Each structure stands twice: as structure tokens, then as C-alpha cells.
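Undergrad: Heads up: the sequence shown begins at 12 in my numbering, then just goes up one per residue. Cβ coordinates follow ideal geometry from the N, Cα and C atoms, glycine included. Computed from a prediction, not measured in an experiment: that's the story for all the values here. Structure provided below as C-alpha cells; questions to follow.
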Amino acid sequence: GMLRSAALSLLSLSMAMAFQASCIGPTMCSVPLALSLQARFRALRTMATTRCSPLLLNVEGSKILQYENKKSFHASNVYCSLKAVNDDSQKKKVVFLGTPEVAALSLRRIFQRSKDPGSDYEVVAVVSNPPAPSGRKMVLTASPVHAAAEDLGLPVFTPSGIMKKFPDSAAFLDSLRELGPDLCITAAYGQFLTKSFLDIPRYGTLNIHPSLLPKFRGAAPVPRSLEAGVKVTGVSVLFTALKMDSGPILAQETMALTGNEKADGLLPVLFDKGSDLLVSSLGRVWSGEARQDGHGCTLQDEKEATEAAKMTKDEGRLWFTENAVYMHNKVRAFAGWPGTSAEFVLDPDGEKETLKVKIVSTRLLRPHGGMALGVHRLR
């Protein structure tokens, strides 16, 4: 009665009210007056929360509208229309995905840069692998990224996986859609990202990868590049595609090596460089100059691609019949995990004893020479 009459009066006056919310693009949502007042507002609220979150419309008692954020709402005696206009003055919503300590460093750096004067983005949530047993007592422990997010006061999602086979994947994807990120950023997250995931962020998903792609795609780019003895490495920021590390490259930065760097020391340096490189490149993404379809990016040459396979414990064993350069690079590559070790046979009094020694660091006396055969005796 009174509520409907008041609403129709307002509609006939074509009352305009100002709202604001983020939106994917210009959208017109119309609801015929033939519907009941409550039905019209329910429809508008559905369209608002799915297309223009976080706008909320409600009917409560004598109040015709209740809203939380400002957008543009237009009413006429023919249609109730919600016109969503893209507001570039708002900060873009970023969701960060990562798991190990190096990724936690990236999260902290990207979060810190979001607080810079004039920053055009904010980190609104973090995704990491679930807590896992750790240490001798196998205590359930949050990942370094999870811990860093809590320290920064950011909400954390910890799905067991994103593929359909994981029971909590659907609920996680629904939550992500509701959040409506403009961009996702991954750094050593460790989970396969499905098309359902990649379709959610408006501008796509960017990945920090510590190699000069297309070289050393895969799980262990830094160890494999050091093992191969490369003289120049670097970091790539690329859009994520379904095929691992194959997406369009947004930016790259090179770094010359001395020949003595170790993987556990080089990895955080490259992720730190990659974080700054990513942030400095975001303007091109927001403006549409660089897009996930490859526009404005460097496409990878598949013929030049090499793989960086995951390491195994067995690879850490050294044989002193191998080339010195190869052994030196192996120690550099496997520093941290799995580490390198060698077996020495001691025979002081005619009683042989095998001693396993962990090799932490090596120095190359001369870069030349081949395999040395025979038994090496310690004096």
C-alpha cells in the first residue's frame, strides 16, 4: 500500500540517486514495472551484486532503498534501471597466490608498494596451500605466505586445490567470483590454475617466474639454470595460460652472474626484482596497453623453450670422476635442497671406512679439464 504508492511517486518523478561500485564495463540492467516492487528490487540487487559488486539494494519497512556504496541509479515510470559505469578512479582489487618463503617476500613487497602515494591497486585477499605437518613433531603449520597474510591483516583462502577433483574447489571459486578481483598475481603457488579460475579476474593473472622465459619453464628454474652454468639469468612477469609458463610475457629483467651464486641466495633476489618489475608494469595492464591475449606483450617462441624439472634427492650426490665445472655448478644449483654430498673412503690402517660428507660450497680453480679416472686417495 503506502510503500508501493511512495515508490511509484518517486518513479514518476524520475528520481536519480548517486552510487559508486566497481564494474566490468558499461552495463544497463532493466526491470519492468509489471513486477512487484519487492521483485524489482530483488532483481536489481541480484544484478548489482553479480555485475557491479558491492552495490546493495534492499526494501526495509518504509525505506525504499538502502545502499552501502555509491553508483548511479535511475528510475522512471517505465523502467527501473541500474546503469553501471566503469570508475577508473577506484583502486583495482588484487588477489595474491603463493606458498613458500620467497613468495611471502613477494607478497610483502607488493603489499608495501600498494601503500605508496598514488598507488592504483590494493591487495584484498591471499590464496595459499593449506596448513601442512612440519618439523619433527609434524605440527600442522601455515605456509609462509599464509603467515605473512595474517601478519598484514589480509583474509586468506586455503583451498586444497582448484581442479574439480578437490572437494572444496567449487566453494573457493564461488568465493573468488563474489570477491570480484581485477587481477590475480601468482608467485610459486604450486597449484594448477584451471580455466574456471583464469576466467574470473578482469585483467587476467600475472605470474612472477625466476628465469628468462621461454628458457627453464617448470618447477625449478633457478637450480636448473645454475646447473646448466648460464652466465645471464633474470626474471619474467607473464600472463598465466593453461600450459605451464607459456603465456605472453609482460616484462623481463636480466641479471649477470659471477659464477658463484647459489640457488637459495639467488631465488629471493629474483623474486624481489620480479615483484618490483610487476608493480611497475601494472599501468600498462590497467590501461589495456598490455593484455592477456598477447596484445602489447612478447609472445614466447616454443622452439626456444626448455624445461626445468623438479629436483630429486638422488641428484645431490657428487662423483669426483665428473668434470670440475659441472660439479661446482651442481653444488650451486642444489644449495638449500636437496643439497650435495659425496662419499670418501678412508683407509688409514688397512681398514676401509666410508664417510659421507655434505658439500656446502666449492671454488673452481680452473675452468678446464675433463673427467679424471681412478681412485682418489686422501693424504
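Can you confirm whether the segment 274-290 touches the segment 182-191 when touching is taken to mean that 3 or more C-beta pairs between the two stretches lie within less than 8 Å?
TA: Contact fails: fewer than three Cβ-Cβ distances are below 8 Å.
Undergrad: From valine 371 to glycine 270, what does the alpha carbon distance come to, in whole angstroms?
TA: Taking the straight line from one Cα to the other gives about 16 Å.
Undergrad: Look up arginine 328 in the DSSP assignment and give the residues it is bridged to.
TA: Note: arginine 328 sits in a beta bridge opposite Ser352.
Undergrad: Starting from valine 371, trace the alpha helix (DSSP H) in both directions and tell me its first and last residue.
TA: Note, valine 371: premise wrong, no alpha helix (DSSP H); not H, not E.
Undergrad: Rounded to the nearest angstrom, what separates phenylalanine 177 and phenylalanine 183 at their Cα positions?
TA: Each residue's alpha carbon lies about 10 Å from the other.
Undergrad: Check this for me: beta carbons of serine 117 and isoleucine 219, under 8 Å apart or not?
TA: Yes, the pair counts as a contact, with Cβ atoms nearer than the cut-off.
Undergrad: Give the single residue among Leu217, Phe250 and Val246 whose Cα lies nearest to the Cα of glutamate 264.
TA: The candidate whose alpha carbon is nearest that of glutamate 264 is Val246.
Undergrad: Does the count of Cβ pairs from the segment 138-150 and the segment 229-236 closer than 8 Å reach three?
TA: Segments in contact, no.
Undergrad: So what does DSSP say about isoleucine 173, is it helix, strand or coil?
TA: In the structure shown, isoleucine 173 sits in coil (DSSP, three-state: anything other than H, G, I, E or B).
Undergrad: Roughly how many angstroms separate the alpha carbons of glycine 305 and methionine 149, rounded to a whole number?
TA: Roughly 45 Å between the two C-alpha positions.
Undergrad: With a floor of 3 residues, list each beta strand (DSSP E) that falls wholly inside the segment 213-279, ordered by position along the chain.
TA: Within the segment 213-279, the complete beta strand (DSSP E) runs of at least 3 residues are 216-220, 243-250 and 260-267.
Undergrad: Please list, in chain order, all residues of the same chain as leucine 376 whose beta carbon is under 8 Å from its beta carbon, the five residues on each side excluded.
TA: Answer for leucine 376: Ala335, listed in chain order.
Undergrad: Is tyrosine 200 helix, strand or coil by DSSP?
TA: Of the three classes helix, strand and coil, the one that applies to tyrosine 200 here is coil, per DSSP.
Undergrad: Any heavy atom of the ligand NAD inside 7 Å of the beta-carbon of valine 233?
TA: Looking at this structure, you won't find the ligand NAD or any other ligand, since it has none at all.
Undergrad: On a Cα-Cα basis, can you pick out the residue from Phe208, Gly240 and Ala114 that is closest to phenylalanine 345?
TA: When each option's Cα is compared against that of phenylalanine 345, the closest is Gly240.
Undergrad: Kindly indicate if chain D contains any beta-carbon less than 8 Å away from that of alanine 198.
TA: Included in the structure is just one protein chain, with no chain D present.
Undergrad: State the DSSP-derived secondary structure class of phenylalanine 345, mapped to helix, strand or coil.
TA: Phenylalanine 345: coil per DSSP, three-state reduction.
Undergrad: Leaving out five residues before and five after proline 155 in sequence, what residues of the same chain have Cβ atoms less than 8 Å from its Cβ?
TA: So the list reads Thr110, Pro111, Glu112, Ala114 and Ala115, once near-sequence residues are dropped.
Undergrad: For leucine 209, which of helix, strand or coil comes out of DSSP?
TA: It is helical.
Undergrad: Based on Cα-Cα distance, which residue from Ala153, Ala262, Lys324 and Gln202 lies nearest to leucine 108?
TA: For leucine 108, the nearest C-alpha among the options comes from Gln202.
Undergrad: Using 10 angstroms around the beta-carbon of lysine 226, count the other beta-carbons present and answer buried if the total reaches 16, otherwise exposed.
TA: Per the 10 Å Cβ criterion, buried.
Undergrad: My assumption, with CB atoms under 8 Å, is that valine 248 sits in contact with glycine 285. Please give the rounded CB distance.
TA: At roughly 6 Å, the Cβ-Cβ gap stays under 8 Å, so valine 248 and glycine 285 are in contact.
Undergrad: When DSSP labels each residue in this structure, what does leucine 190 get in the three-state scheme?
TA: Here leucine 190 sits in helix by DSSP.
Undergrad: Please work out which residues of its chain come closer than 6 Å, Cβ to Cβ, to arginine 124, disregarding the five sequence neighbours upstream and downstream, and give them in chain order.
TA: Taken in chain order, the residues that qualify are Val290.
Undergrad: I believe isoleucine 211 touches proline 192 by the beta-carbon criterion, under 8 Å. Please report the beta-carbon distance rounded to the nearest angstrom.
TA: Contact holds; Cβ gap of about 7 Å.
Undergrad: Would you kindly work out how many angstroms separate the C-alpha atoms of alanine 230 and glutamine 311, rounded to a whole number?
TA: Computed Cα separation, rounded: 18 Å.
Undergrad: Assuming contact is defined by CB atoms lying nearer than 8 Å, are valine 134 and valine 167 in contact in what I supplied?
TA: Contact flag unset, no.
Undergrad: If you count every other CB in all the chains shown that lies within 10 Å of the CB of serine 298, and 16 or more means buried, which is it?
TA: Label assigned to serine 298: exposed.
Undergrad: Quick test of your reading: alanine 262 and serine 222, contact by CB under 8 Å. State the CB separation rounded to the nearest angstrom.
TA: About 14 Å separates the two Cβ atoms, so there is no contact after all.
Undergrad: Only counting the same chain, and skipping five residues up and downstream in sequence, which positions put a Cβ closer than 7 Å to that of serine 180?
TA: Once the five neighbours on either side are set aside, the close Cβ partners of serine 180 are Pro170, Gly172, Ile173 and Met174.
Undergrad: Helix, strand or coil: how does DSSP classify leucine 66 here?
TA: For leucine 66, the predicted structure reports a pLDDT of 35, less than 50, and the residue's modelled location is therefore unreliable. A value from the coordinates is still provided. Coil.
Undergrad: Who does tyrosine 132 pair with in a DSSP beta bridge?
TA: DSSP output for tyrosine 132 lists Lys103 as bridge partner(s).
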